[in-house]
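**Student:** Have a look at this one before I ask anything.
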Amino acid sequence: MVSESMEKIITDEDFLPLIQDASSGFFKIYNYLISDSGEFTKRFYSHLMTETDHFEMFLDDHGARQNKRWIFFAELVASIRNFATVAFQLKHLMDRYPDYNIDEPEDESAEFTTETNNTLSFLNDSIRSLFNAVASEAVSLKIAILESKIDKDEFKEITVRKHLPTDAEEEKVKNEEERILELSRKYRKVAKIFREENLGRKRNINELIELIPSKIDEKKAQKIKNMIHSTQSDYDTYVKNTPVEKTNENLKRLRGHISLPLHLMEMVRWLSHFYERHENQIRKGTAKEKIAAIVDKNILLDRIVNFSLFYSDRYLQKGNAIAEQILTAYVKNIQYELPIPHPLGFHARPATYISMIVNEHGTDVSLIVDGHRYNAKSVLSIMEAGGLIADKGLKMVIFEGDKRVLEDIKILSNYNYCEECDIPRELNYVRILRNIA
Numbered sequence: 009m010v011s012e013s014m015e016k017i018i019t020d021e022d023f024l025p026l027i028q029d030a031s032s033g034f035f036k037i038y039n040y041l042i043s044d045s046g047e048f049t050k051r052f053y054s055h056l057m058t059e060t061d062h063f064e065m066f067l068d069d070h071g072a073r074q075n076k077r078w079i080f081f082a083e084l085v086a087s088i089r090n091f092a093t094v095a096f097q098l099k100h101l102m103d104r105y106p107d108y109n110i111d112e113p114e115d116e117s118a119e120f121t122t123e124t125n126n127t128l129s130f131l132n133d134s135i136r137s138l139f140n141a142v143a144s145e146a147v148s149l150k151i152a153i154l155e156s157k158i159d160k161d162e163f164k165e166i167t168v169r170k171h172l173p174t175d176a177e178e179e180k181v182k183n184e185e186e187r188i189l190e191l192s193r194k195y196r197k198v199a200k201i202f203r204e205e206n207l208g209r210k211r212n213i214n215e216l217i218e219l220i221p222s223k224i225d226e227k228k229a230q231k232i233k234n235m236i237h238s239t240q241s242d243y244d245t246y247v248k249n250t251p252v253e254k255t256n257e258n259l260k261r262l263r264g265h266i267s268l269p270l271h272l273m274e275m276v277r278w279l280s281h282f283y284e285r286h287e288n289q290i291r292k293g294t295a296k297e298k299i300a301a302i303v304d305k306n307i308l309l310d311r312i313v314n315f316s317l318f319y320s321d322r323y324l325q326k327g328n329a330i331a332e333q334i335l336t337a338y339v340k341n342i343q344y345e346l347p348i349p350h351p352l353g354f355h356a357r358p359a360t361y362i363s364m365i366v367n368e369h370g371t372d373v374s375l376i377v378d379g380h381r382y383n384a385k386s387v388l389s390i391m392e393a394g395g396l397i398a399d400k401g402l403k404m405v406i407f408e409g410d411k412r413v414l415e416d417i418k419i420l421s422n423y424n425y426c427e428e429c430d431i432p433r434e435l436n437y438v439r440i441l442r443n444i445a
């Protein structure tokens, strides 16, 4: 028996009444925006996301993006959905910002608020421009835009500063200390990516073009976002609403420093998606070129890098310091007695390698010499200890800290702190840190 294809080719005449009906809700939003009452609120963005998502699915189901007559219209709808999603993320972030326990200086908070509002203005202007373009294209495609619009009262901003009592039963979690240590280490891995790849540096327009998509693109943004989201999931599963969260303020602060970069990296993902799909330097085509002319590429790149990535890095590094405090509070310190470097003692090179190891792990480690404690995170402090070691003629010293860190310092000492050889394979991260320093 020969099967019959379920797909049917339809003419523009057949398609027009279908899209006329499917677009009615979409163009009600357009009429709302061009009216005097049009206002961008979080509820508006949410409605716009839902409506454009349904409309885009309708267009995709009918192959609009594979049809030369309808491709530009379909790409415009997809672009509006893209910018609505980013704007919703940013608006949500600002609504929750006071609850994130960021505790930053007033000037930094004011700067972030200003930059956020500037970014929202760009997103709103882009949504308006894309809507104007899609309305113009609709006329050329013979889609009638009816005069009805959505009611402005549906999207009134509701500011919620009241909440129910926080009296949910606290839940006990097995091995909570190990869970806390693990999520703190996972968080530090994300912060490390930003540091090592210098993703948080502000850049001029020429550098922006070189950065995206060669160094950061939609795929990489998604990977980083997933890493942050995994940390958030661990927190909400093992820490939230537990007795330890209630008694440790740093844990609550860390949660806010997870949420902020999570939303910002979601923005990077969506804006990178738009840039890679619709900017004419990456993808050629008439529809792409038309959309590239609607949205200012320079501002788009600036907001990806000099806003979203810049502030992701800022709050990740602030959170990294909190994670290190948490790690130090929960690790169980032990002591190792280790030999000093031969023949020169703790001069700059071995001190630097030890400092790299300790800073990589994030917990505090002390170098104990004749009862005096020196900070093993600091090269200068280790070298200062080296002077006392030389004066005393000591051959062995005590390191005190987390076993994971001390094990790596022990490996280093087994190779005489790499005075005559290269860094061993077990400490490959130290080699990487040395090469990028």
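Residue numbers for the sequence shown, in this note's numbering: 9 to 445.
Glycine included, each C-beta is placed from N, C-alpha and C at the ideal position.
What first and last residue would you give for the alpha helix (DSSP H) that runs through Asp410?
**Tutor:** Careful: Asp410 lies outside any alpha helix (DSSP H), inside the beta strand (DSSP E) at Met404 to Asp410.
**Student:** Between Leu441 and the rest of its own chain, which residues show a CB-CB distance below 6 Å, the 5 nearest in sequence each way excluded?
**Tutor:** So the qualifying residues of the chain are Met364.
**Student:** Ser11 by DSSP, collapsed to three states: which one?
**Tutor:** Because the pLDDT of Ser11 is 49, which lies under 50, any placement of that residue in the model is unreliable, and the number read from its coordinates should be weighed accordingly. It is coil, neither helix nor strand.
**Student:** Quick one: what's Leu346 bridged to in DSSP?
**Tutor:** Leu346 pairs with Val405.
**Student:** Is it true that the CB of Leu84 sits closer than 8 Å to the CB of Glu145?
**Tutor:** A contact, by the Cβ cut-off of 8 Å.
**Student:** When we look at the beta-carbon of Pro351 and count the other beta-carbons within 10 Å, is it buried (16 or more) or exposed?
**Tutor:** That one is exposed.
**Student:** Identify every residue that forms a DSSP beta bridge with Val377.
**Tutor:** DSSP lists His380 as partners of Val377.
**Student:** Quickly, what does DSSP pair Asn341 with across the bridge? List them, please.
**Tutor:** Answer by DSSP bridge pairing, in chain order: Asp410.
**Student:** Reducing DSSP to helix, strand and coil, say where Leu84 ends up.
**Tutor:** It is helical.
**Student:** Report, in whole angstroms, the separation of the C-beta atoms of Gly208 and Arg322, which I expect to be a contact under 8 Å.
**Tutor:** Right, the Cβ-Cβ distance comes to about 7 Å (below 8 Å), so this counts as a contact.
**Student:** Suppose contacts are defined by Cβ-Cβ distances below 8 Å. Is Leu309 in contact with Ile444 by that definition?
**Tutor:** No, these two residues do not count as a Cβ contact at 8 Å.
**Student:** Just how far apart, CA to CA, sit Leu131 and Asp304?
**Tutor:** Distance between the alpha carbons of Leu131 and Asp304: 11 Å.
**Student:** Starting from Gln230, follow the alpha helix (DSSP H) in both directions and report where the run begins and ends.
**Tutor:** Gln230 -> alpha helix (DSSP H) spans Glu226 to Tyr246.
**Student:** Could you check if His369 is buried or exposed, using at least 16 other CB atoms within 10 Å of its CB as the buried criterion?
**Tutor:** It counts as buried.
**Student:** Just checking: is the beta-carbon of Ser148 within a distance shorter than 8 Å of some beta-carbon in chain D?
**Tutor:** Of the protein chains in the structure, only one exists, and it is not chain D.
**Student:** Would you kindly check if the distance between the Cβ of Lys36 and the Cβ of Lys150 is under 8 Å?
**Tutor:** Going by C-beta atoms, Lys150 is not nearer than 8 Å to Lys36.
**Student:** Would you be able to state if there are at least three C-beta pairs under 8 Å between the region 386 to 393 and the region 421 to 440?
**Tutor:** Segments in contact, no.
**Student:** Nearest-angstrom Cα distance between Tyr344 and Tyr195?
**Tutor:** Taking the straight line joining both Cα atoms gives about 28 Å.
**Student:** Going by DSSP in three states, Ile6 sits in which element: helix, strand or coil?
**Tutor:** The structure shown does not extend to residue 6, since the chain is modelled only from 9 through 445, so no value can be given for it.
**Student:** Apart from the five residues just before and just after Phe202, which ones in its own chain have a Cβ nearer than 6 Å to its Cβ?
**Tutor:** These residues qualify, in order along the chain: Gly208, Asp321 and Leu324.
**Student:** If you count every other CB in all the chains shown that lies within 10 Å of the CB of Ile299, and 16 or more means buried, which is it?
**Tutor:** Flag for Ile299 reads buried.
**Student:** Could you tell me the distance, in whole angstroms, from the CA atom of Thr250 to the CA atom of Ser43?
**Tutor:** Roughly 49 Å separates the two Cα atoms.
**Student:** Give me the Cα-Cα distance between Ser11 and Leu26, rounded to the nearest whole angstrom.
**Tutor:** Caution applies to Ser11, whose pLDDT of 49 falls short of 50 and renders its modelled position unreliable; the model cannot decide the point.
**Student:** With distances taken from CA atoms, which of Ile17, Val94, Lys197 and Gln28 is nearest Met57?
**Tutor:** Residue Val94 is the option with its Cα nearest to Met57.
**Student:** Taking Arg261 as part of the alpha helix (DSSP H), name the residues at either end of that continuous run.
**Tutor:** Residues Glu257 to His286.
**Student:** By Cβ distance below 7 Å, which residues in the same chain neighbour Pro269 in space, the five residues on each side in sequence not counted?
**Tutor:** Closer than 7 Å at the Cβ level, and outside the excluded window around Pro269, lie Ile236, Ser320, Tyr323 and Leu324.
**Student:** Provide the residue span of the alpha helix (DSSP H) that contains Phe34, from first to last.
**Tutor:** Taken as a continuous stretch (DSSP letters only), the alpha helix (DSSP H) holding Phe34 covers Ser32 to Ile42.
**Student:** I'd like the span of the alpha helix (DSSP H) that includes Ser192, first residue to last.
**Tutor:** Glu184 to Glu205 is the extent of the alpha helix (DSSP H) around Ser192.
**Student:** Who are the Cβ neighbours of Arg261 in its own chain at under 6 Å, not counting the five residues just before and after it?
**Tutor:** Asn109 and Ile330.
**Student:** Using a Cβ-Cβ cutoff of less than 8 Å, which residues in the same chain neighbour Met9 once the five nearest sequence positions on both sides are dropped?
**Tutor:** Note on Met9: pLDDT 46, under 50, position unreliable in the model; the coordinate value appears next. Hits under 8 Å: none found.
**Student:** Within this structure, are the beta carbons of Ile397 and Leu346 separated by less than 8 Å?
**Tutor:** In this structure, Leu346 does not lie closer than 8 Å to Ile397 by Cβ.
**Student:** Flag this pair as yes or no: are the beta carbons of Arg187 and Tyr105 separated by less than 8 Å?
**Tutor:** Taking 8 Å as the Cβ cut-off, Arg187 and Tyr105 do not qualify as a contacting pair.
**Student:** With 16 as the cutoff for other CB atoms within 10 Å, does Pro113 come out buried or exposed?
**Tutor:** Label assigned to Pro113: exposed.
**Student:** By alpha-carbon positions, which one of Phe48, Val142 and Asp133 ends up nearest to Thr80?
**Tutor:** The sequence shown places Phe at residue 80, rather than the Thr named in the question. Cα-wise, what sits closest to Phe80 is Val142.
**Student:** In chain order, which continuous runs of the alpha helix (DSSP H) of length 4 or greater are located wholly inside the region 84 to 124?
**Tutor:** The qualifying runs do not exist here; there are none.
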